[in-house]
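Working notes, beginning with the structure itself.
2 protein chains.
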Amino acid sequence: MSDTSALGTERTISQGSSGAAKADPLGTCSPHHEAWRSLARTHAAVSGRLQEALAQAELPPLAWFEMLAAIAASDEERMKMGELAEALVITRGGLTKLVDRLVKAGLIERTFCETDRRVSYATLLPAGAELLEEMVPVVSAELELAFAARLSEHQADDLRVTLDALRGTACNGD
Amino acid sequence: MSDTSALGTERTISQGSSGAAKADPLGTCSPHHEAWRSLARTHAAVSGRLQEALAQAELPPLAWFEMLAAIAASDEERMKMGELAEALVITRGGLTKLVDRLVKAGLIERTFCETDRRVSYATLLPAGAELLEEMVPVVSAELELAFAARLSEHQADDLRVTLDALRGTACNGD
DNA sequence: GGTCAATAGTTGTTCTCTCAAGTATTTCTG
DNA sequence: CAGAAATACTTGAGAGAACAACTATTGACC
């Protein structure tokens with residue numbers, strides 16, 4: 006890939022003498038912008054890597070894995086639609102259709118709440134748990150490749166902490 | 006949102022006594038999985054925040070900003086389609102259509118290479134530069150809110166370095 | 001108890017991306 | 001120089017997700 010990491014951090018040169026030299030007049034090279042760009046690009050890169058690995062193994066897409074993993078990790082192997090939408094960071098409308106697909110594939114099932122008839126659960130079925138067990142090693146292997154090869158365990162943990170701090174849980178409407 | 010950070014790292018309890026206690030039988034709670042989840046969720050959160058801010062200011066979507074910023078940051082205020090696709094981490098097919106939209110909006114222009122007639126450039130137009138100048142403060146402000154409020158400048162820089170290392174530039178086909 | 005707002009999910013539309021195939025241009029080979 | 005392979009980009013079809021509008025259920029207030 007093109008090496009775009011030569012940044013103008015030390016550029017204190019005059020901005021009008023060399024013609025083509027950009028001196029970041031807009032401020033898109035601030036540390037925060039840089040960090041955000043790295044975040045976006047790294048996410049895209051890793052995500053693409055995972056999707057590719059799953060596709061090569063003839064397994065369903067990453068979103069299915071995230072969903073199955075989220076449900077499997079919950080206490081009762083079932084999750085409310087709303088919680089699931091938050092966990093996967095997609096809209097509720099999007100979730101409804103994603104769940105539809107998994108239901109159609111026989112991996113999960115819709116169950117309902119006795120006490121509040123508005124809520125419905127996505128409940129893991131045996132077939133879903135089985136598929137998840139097939140997907141986990143593929144994802145783990147790819148993650149090892151991406152993480153373990155380049156980051157120490159301490160770094161990985163540190164990264165997680167920083168990212169969690171960055172995400173915060175701010176719900177400032179505006 | 007729901008506090009899912011209570012992890013089973015220290016869980017050495019017997020896994021069969023308490024019924025509903027999950028002991029991560031699949032390994033989806035390894036440091037690398039955790040870090041990846043944080044990466045995905047933080048990216049989605051920040052990205053959503055930026056998009057929302059832009060929408061509220063009645064400005065074009067984030068993808069347009071990324072594109073304009075990438076072109077503006079290049080030496081000649083123009084970029085080859087291929088380079089642009091890599092910078093934005095989307096496929097070339099996707100880029101063609103994204104460029105189409107920006108061209109239709111009068112923000113950029115397609116120019117061609119004299120020496121190699123296969124390559125075409127996306128070239129910034131005055132209107133695009135102007136719009137970019139409107140968008141930068143909105144994005145910067147939102148980024149400040151997300152980053153500066155929660156991360157020290159050193160942390161932000163550290164984050165960038167770690168993410169860049171993680172992304173690597175490995176092109177291992179398979 | 002009846003009405004109104006709030007909450008939980010679903011549906012239809014639209015947009016954008018990916019994938020696979022196609023065109024045009026250049027480079028390599030004989 | 002002709003033909004094959006490689007490169008750069010475009011096109012068309014399909015899937016996935018966001019957005020807004022909708023239904024159903026619950027809880028609050030009079």
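Line by line, the protein sequences are chains D and R. First residue of the first sequence: 6, per this note's numbering; consecutive thereafter. First residue of the second sequence: 6, per this note's numbering; consecutive thereafter. For glycine and all other residues, C-beta sits at the position ideal for the given N, C-alpha and C. Note that the structure is a prediction, hence the values are computed from the model and not measured.
Candidates D:Ala153, D:Leu137, D:Asp162, D:Ala45, of which the one nearest Leu64 (chain D) by Cα = It is D:Leu137.
Quick one, are the C-beta atoms of Arg54 (chain R) and Leu150 (chain R) less than 9 Å apart?
-> At a Cβ-Cβ threshold of 9 Å, Arg54 (chain R) and Leu150 (chain R) count as neighbours.
Distance between Thr128 (chain D) and Met6 (chain R) (C-alpha atoms, nearest Å) | Its pLDDT being 38, under 50, Met6 (chain R) is placed unreliably by the model, and nothing is read from it.
Since Gly32 (chain R) meets chain D, which of its residues come closer than 8 Å, beta carbon to beta carbon?
-> Within chain D, the residues near Gly32 (chain R) are Val141, Ser145.
Proximal residues to Leu89 (chain R) (C-beta, below 8 Å), its chain only, five neighbours per side dropped | Taken in chain order, the residues that qualify are Met72, Ala75, Ile76, Leu100, Val104, Ala127.
Would Ala74 (chain R) count as contacting chain D if we go by Cβ distances under 9 Å?
-> At a cut-off of 9 Å, the C-beta of Ala74 (chain R) has a neighbouring C-beta in chain D.
May I ask which residues mark the beginning and end of the alpha helix (DSSP H) holding Phe70 (chain D)?
-> Phe70 (chain D) -> alpha helix (DSSP H) spans 67-78.
Rounded to whole angstroms, what's the CA-CA distance from Thr116 (chain R) to Arg83 (chain R)? Just pull it up for me.
-> The straight-line gap from Cα to Cα measures roughly 9 Å.
Kindly provide the ranges of any beta strand (DSSP E) runs that are 3 or more residues long and lie completely inside the segment 88-172 of chain R, ordered along the chain.
-> Here the runs fully enclosed are 113-117, 125-129.
Do you know how far the Cα of Asp121 (chain R) is from the Cα of Leu164 (chain D)?
-> Counting only the Cα atoms, Asp121 (chain R) lies some 43 Å from Leu164 (chain D).
If you drop the 5 nearest sequence neighbours on each side, which residues of the same chain put their C-beta closer than 8 Å to that of Glu147 (chain D)?
-> For Glu147 (chain D), where only same-chain residues beyond five positions count, the Cβ hits under 8 Å are Arg54, Leu55, Ala58.
Residues that Arg83 (chain D) bridges to, as DSSP identifies them | Its beta-bridge partners are D:Thr128.
Residues of chain D with CB under 7 Å from Asp121 (chain R), in chain order?
-> Result: empty, since nearest Cβ-Cβ is about 16 Å, beyond 7 Å.
Please report the Cβ distance between His48 (chain R) and Leu67 (chain D), rounded to the nearest whole angstrom; I am assuming they are in contact, meaning their Cβ atoms lie under 8 Å.
-> Not really, about 13 Å apart at Cβ, beyond 8 Å.
Residues of chain D with CB under 7 Å from Gln160 (chain R), in chain order?
-> Those within 7 Å of Gln160 (chain R) in chain D are Thr167.
Specify the secondary structure class of Pro36 (chain R) as computed by DSSP and reduced to three states.
-> Here Pro36 (chain R) sits in helix by DSSP.
Interface residues of chain D around Gly173 (chain R) at Cβ under 9 Å?
-> In chain order: Ala50, Ala151, Ala154, Arg155.
Where Asp29 (chain R) and Lys85 (chain R) are concerned, what is the direct C-alpha to C-alpha distance, given to the nearest angstrom?
-> Roughly 47 Å separates the two Cα atoms.
Can you give the Cα-Cα distance for Leu171 (chain R) and Phe152 (chain D), rounded to whole angstroms?
-> Straight-line Cα distance between these residues: approximately 6 Å.
Buried versus exposed, by CB contacts within 10 Å (16 or more), Thr167 (chain R) = When all chains shown are included, Thr167 (chain R) counts as buried.
Glu39 (chain D): contacting residues in chain R (beta-carbon distance under 7 Å) | Within 7 Å Cβ-Cβ: Arg165.
Nearest-angstrom Cα separation, counted from Trp69 (chain R) out to Ala132 (chain R) = One C-alpha to the other measures close to 13 Å.
Which chain D residues sit within Cβ distance under 8 Å of Thr137 (chain R)?
-> With the sequence shown as reference, residue 137 (chain R) is identified as Leu, and Thr is not the correct amino acid for it. Correct list: Leu31.
Beta-carbon neighbours of Val94 (chain R), restricted to chain D and to distances below 8 Å | At a beta-carbon threshold of 8 Å, the residues of chain D lying near Val94 (chain R) are Ala45, Arg46, Ala49, Ala50, Gly53, ordered along the chain.
For Leu148 (chain R), return the contacting residues in chain D, with the cut-off set at a CB-CB distance below 9 Å.
-> Chain D residues near Leu148 (chain R): Ser35, His37, His38, Ala40, Trp41.
Within-9 Å CB hit, Glu63 (chain R) to chain D | Residue-level contact by beta carbon fails for Glu63 (chain R) and chain D, as no gap is shorter than 9 Å.
Rounded straight-line distance, which links the Cα of Thr96 (chain R) to that of Val124 (chain R) | If I take the Cα positions, the gap works out to 16 Å.
How big is the Cα-Cα spacing for Gly87 (chain D) and Glu81 (chain D)?
-> Near 16 Å, if we compare the C-alpha coordinates of Glu81 (chain D) and Gly87 (chain D).
Whose CA, out of R:Glu158, R:Asp169, R:Gly98, lies closest to the CA of His37 (chain D)?
-> Nearest in C-alpha terms to His37 (chain D), of all of R:Glu158, R:Asp169, R:Gly98, is R:Glu158.
Nearest to Val144 (chain R) (by Cα), restricted to the options R:Ala154, R:Ser52, R:Gly32 | Minimum Cα distance to Val144 (chain R) is reached at R:Ser52.
Residue burial classification, Trp41 (chain D) (beta-carbon count within 10 angstroms, cutoff 16) | Buried: at least 16 other Cβ atoms inside 10 Å.
Quick one: using the 10 Å Cβ neighbour count with 16 as the cut-off for buried, is Glu139 (chain D) buried or exposed?
-> Counting other Cβ atoms within 10 Å of its Cβ, Glu139 (chain D) stays below 16 and is therefore classed as exposed.
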